[in-house]
Amino acid sequence: EDQVTQSPEALRLQEGESSSLNCSYTVSGLRGLFWYRQDPGKGPEFLFTLYSAGEEKEKERLKATLTKKESFLHITAPKPEDSATYLCAVQAGGTSYGKLTFGQGTILTVHP
Amino acid sequence: GAGVSQSPSNKVTEKGKDVELRCDPISGHTALYWYRQRLGQGLEFLIYFQGNSAPDKSGLPSDRFSAERTGESVSTLTIQRTQQEDSAVYLCASSSTVRNEKLFFGSGTQLSVL
Numbered sequence: 475e476d477q478v479t480q481s482p483e484a485l486r487l488q489e490g491e492s493s494s495l496n497c498s499y500t501v502s503g504l505r506g507l508f509w510y511r512q513d514p515g516k517g518p519e520f521l522f523t524l525y526s527a528g529e530e531k532e533k534e535r536l537k538a539t540l541t542k543k544e545s546f547l548h549i550t551a552p553k554p555e556d557s558a559t560y561l562c563a564v565q566a567g568g569t570s571y572g573k574l575t576f577g578q579g580t581i582l583t584v585h586p
Numbered sequence: 016g017a018g019v020s021q022s023p024s025n026k027v028t029e030k031g032k033d034v035e036l037r038c039d040p041i042s043g044h045t046a047l048y049w050y051r052q053r054l055g056q057g058l059e060f061l062i063y064f065q066g067n068s069a070p071d072k073s074g075l076p077s078d079r080f081s082a083e084r085t086g087e088s089v090s091t092l093t094i095q096r097t098q099q100e101d102s103a104v105y106l107c108a109s110s111s112t113v114r115n116e117k118l119f120f121g122s123g124t125q126l127s128v129l
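Chains as they are written, first to last, in this note's numbering: chain A, 475 to 586; chain B, 16 to 129.
This is the structure:
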């Protein structure tokens, strides 16, 4: 069974204090790993897709990396507007493209 | 439309009643998904439509749940004889690519079963 575990469950940072969120996964043949951001009362918003170990992607203050067992979302010099829940999901080989397995998310709060 | 639209945004119902949730995907998107998000839990896959292919229903939790999609447009998720454990946010998403790398989610329907 595919599994995704995110840590920590919640993270409080001061503005400018860099940190990382972790996503550990177990999947039968990784087809893709996804990061989404979710604001309260809204649906998730796509951030990144990573396909193979060693791959990295960046967007503004966010950088996602991937190994064979986990992914990290690095946040550099965060701002209060980065506060949100960050979701990690995997897509397994041999399943339909629409079927993602999500982790429970990390709630990030950035204080000014 | 500008994004994925879901209605209603909130639905309160009594145990045992049937409910219908609606999703309008982004125009031109061939793929449509339904996910469920229970409080404090990750999103759970329910069902996936891709063009004219048979839908992947492997995530539907029981035969009380069903979904339909008309062509490449509107989809409805129906829950019959609702139970309290059905209370959750039901999220719809659509995608334009075959590999579905990027899902666009609606804001969801908050379902509360009393």
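A virtual CB, placed ideally from N, CA and C, is assigned to each residue, including glycine.
For the beta strand (DSSP E) that residue 94(B) lies in, which residues bound it at each end? For the purposes of this step, residue 94(B) is taken as residue 79 along the second sequence, with counting starting at 1. 90–94 is the extent of the beta strand (DSSP E) around residue 94(B).
For residue 541(A), is the classification buried or exposed, using 16 other Cβ atoms within 10 angstroms of its Cβ as the cut-off for buried? The sequence position of residue 541(A) within the first sequence is 67, counting from 1. Its Cβ having fewer than 16 others within 10 Å, residue 541(A) is exposed.
Practice prompt. Drop a sphere of 10 angstroms on the beta-carbon of residue 103(B), count the other beta-carbons inside from all chains shown, and report buried for 16 or more, exposed for fewer.
Written response: Counted from its first residue, the second sequence places residue 103(B) at position 88. Per the 10 Å Cβ criterion, buried.
Practice task
May I ask you to verify whether the region 571–581 of chain A touches the region 53–61 of chain B, counting CB pairs closer than 8 Å and requiring at least 3?
Solution key: Counting Cβ pairs under 8 Å, three or more are found: they touch.
Item checked: Beta-bridge partners of residue 125(B), as assigned by DSSP -> Taking the first residue of the second sequence as position 1, residue 125(B) is located at position 110. BP columns for residue 125(B) point to 25(B) and 104(B).
ask   = Along chain B, in chain order, which residues have C-beta atoms closer than 9 Å to that of residue 520(A)?
value = Within the first sequence, residue 520(A) is the residue found at index 46, counting from 1. Ordered by position in chain B, the residues that pass the 9 Å Cβ test against residue 520(A) are 116, 117, 118, 119 and 120.
Problem - Amino acids of chain B, ordered along the chain, whose beta-carbon sits closer than 8 Å to that of residue 545(A) - result: If you number the first sequence from 1, residue 545(A) lands on position 71. For residue 545(A), there are no C-beta contacts with chain B under 8 Å, since the nearest C-beta of that chain is about 15 Å from it.
**Q.** Host beta strand (DSSP E) of residue 503(A) (start-end)
**A.** Looking up residue 503(A) in the first sequence gives position 29. For residue 503(A), there is no enclosing beta strand (DSSP E), as DSSP gives it neither H nor E.
Point to revise | Through-space distance from residue 32(B) to residue 547(A), alpha-carbon basis | key: In the first sequence, the residue the question calls residue 547(A) occupies position 73. In the second sequence, the residue the question calls residue 32(B) occupies position 17. Distance between the alpha carbons of residue 547(A) and residue 32(B) is about 42 Å.
ask   = Apart from the five residues on each side of it in sequence, which residues of its chain come closer than 7 Å, Cβ to Cβ, to residue 558(A)?
value = By 1-based counting over the first sequence, the position of residue 558(A) is 84. Answer for residue 558(A): 511, 512, 513 and 582, listed in chain order.
### Query
From residue 434(A) to residue 63(B), what distance separates their C-alpha atoms?
One cannot answer for residue 434(A) here, as it falls past the ends of chain A, which runs 475 to 586.
**Nearest-angstrom Cα separation, counted from residue 36(B) out to residue 520(A)** = By 1-based counting over the first sequence, the position of residue 520(A) is 46. By 1-based counting over the second sequence, the position of residue 36(B) is 21. Cα-Cα distance, rounded: 23 Å.
| query | chain B partners of residue 579(A), CB-CB under 8 Å? | reply | The sequence position of residue 579(A) within the first sequence is 105, counting from 1. Residues of chain B with a Cβ closer than 8 Å to the Cβ of residue 579(A) are, in chain order, 57.
| request: Assuming residue 495(A) contacts residue 560(A) (C-beta within less than 8 Å), just tell me the rounded distance between them. | output: Mapped onto the first sequence, residue 495(A) falls at position 21. Mapped onto the first sequence, residue 560(A) falls at position 86. That belief holds up - the Cβ atoms of residue 495(A) and residue 560(A) are roughly 6 Å apart, short of 8 Å.
- Cβ-based neighbour list, residue 476(A), same chain, cut-off 8 Å, excluding 5 preceding and 5 following: On the first sequence, position 2 is the one that residue 476(A) refers to. Within the same chain, residue 476(A) has close Cβ partners 499, 500, 501, 502, 564, 566 and 575.
Open item on the list: Can you tell me whether residue 39(B) is helix, strand or coil according to DSSP?
Closed with: In the second sequence, the residue the question calls residue 39(B) occupies position 24. DSSP places residue 39(B) in strand when its eight states are reduced to three.
Does the region 74–83 of chain B come into contact with the region 120–129 of chain B, if we say contact requires no fewer than three beta-carbon pairs (one atom in each stretch) closer than 8 Å?
These segments do not touch.
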